[in-house]
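Residue numbers (UniProt numbering): 1 to 194.
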C-alpha cells in the first residue's frame, strides 16, 4: 500500500481488539490484490435503540489504480450488535467487490502487454476485405483501407499481422480499425491468449 491504512472509530470508544482484527483483514485484502494504494475503515456505533440495541456500521474505502471501491454494512442487521461480526461482513463484501473489479479489469491489463496479433485467414482482393484469426481466437473482419501504408494487395493467407479492433462491434462482427503486416520473427501466437 502506498499510504498506511487509516482506521477511525465514531460514536464509540476505540477498541484495540477491533483495530487488530481490521489490520489483519486489511493484510488479507493486500494478499488477495497487491495493487491497493490506500484503505480507510470507519467503525461507527449509532445511538442505541431500545428495540434493536447498539448495532455497528462499518465503511471500507479501498483505492486501486483508477478507482475507489466502497462498502458499508447496514446497521439494521441484528448480528451487527457485535462489532467483530460487522467488520467480518464488511470485509467479506469488500473481497467480493475487489474480485469483481479484478475480473472487469483483467482484460485491460492484458491490453497493455502488447498489440493484438493474428494471421490472415481469408482475403478477397476484388471486394477489398479480409478476415484475421486473432491470437485471442476471434475472427476479425478488416477492410483494405484499414491496412497501414496501403499494403492490402501485398497480403497473403497466413501472413502475420498486428491489429487494433474497433470498440463496439459492427453489423458484421468485430472489425479492425488498423492492420499492420509484421514479420514472422515478431509474431507470437501465444500473445494475448494467455
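No residue lacks a Cβ here, since even glycine has one placed at the ideal position from N, Cα and C.
Item, Value
"Along the chain, where does the beta strand (DSSP E) that runs through residue 13 open and close?", "Here residue 13 belongs to no beta strand (DSSP E), and DSSP marks it neither H nor E."
"Distance, Cα to Cα, residue 56 vs residue 10?", "10 Å"
"Determine, using beta carbons only, whether residue 146 and residue 178 come nearer to each other than 8 Å.", "yes"
"Determine the burial state of residue 44: buried for a count of at least 16 other Cβ atoms within 10 Å of its Cβ, exposed for fewer.", "buried"
"With DSSP run on the structure shown, which of helix, strand or coil describes residue 74?", "coil"
"Going by C-alpha to C-alpha distance, which of 125, 74 and 2 sits closest to residue 39?", "2"
"Would the beta-carbon of residue 124 fall within 8 Å of that of residue 130?", "yes"
"Here's a check: name, in chain order, each residue in its chain whose Cβ is nearer than 6 Å to the Cβ of residue 89, leaving out the five neighbours to either side.", "73"
"Nearest to residue 46 by CA position, among 98, 82 and 172, is which residue?", "82"
"What separation, rounded to the nearest whole angstrom, lies between the Cα atoms of residue 4 and residue 140?", "46 Å"
"What number of angstroms, rounded off, separates the C-alpha of residue 110 from the C-alpha of residue 103?", "Unreliable placement is indicated for residue 110, whose pLDDT of 42 sits below 50; the coordinate value is still reported in the next sentence. Straight-line Cα distance between these residues: approximately 12 Å."
"On the criterion of 16 or more Cβ atoms from any shown chain inside 10 Å, does residue 185 qualify as buried, or is it exposed?", "exposed"
"May I ask you to report which of helix, strand or coil DSSP gives residue 110?", "Residue placement at residue 110 is poorly supported in this model, since its pLDDT is 42, which falls under 50; the coordinates still yield a value, given next. Residue 110 falls in the helix class under three-state DSSP."
"With H, G and I counted as helix, E and B as strand and the rest as coil, what does DSSP make of residue 166?", "coil"
"Quick one: measure Cβ to Cβ for residue 18 and residue 87, integer angstroms, because I've assumed they're closer than 8 Å.", "6 Å"
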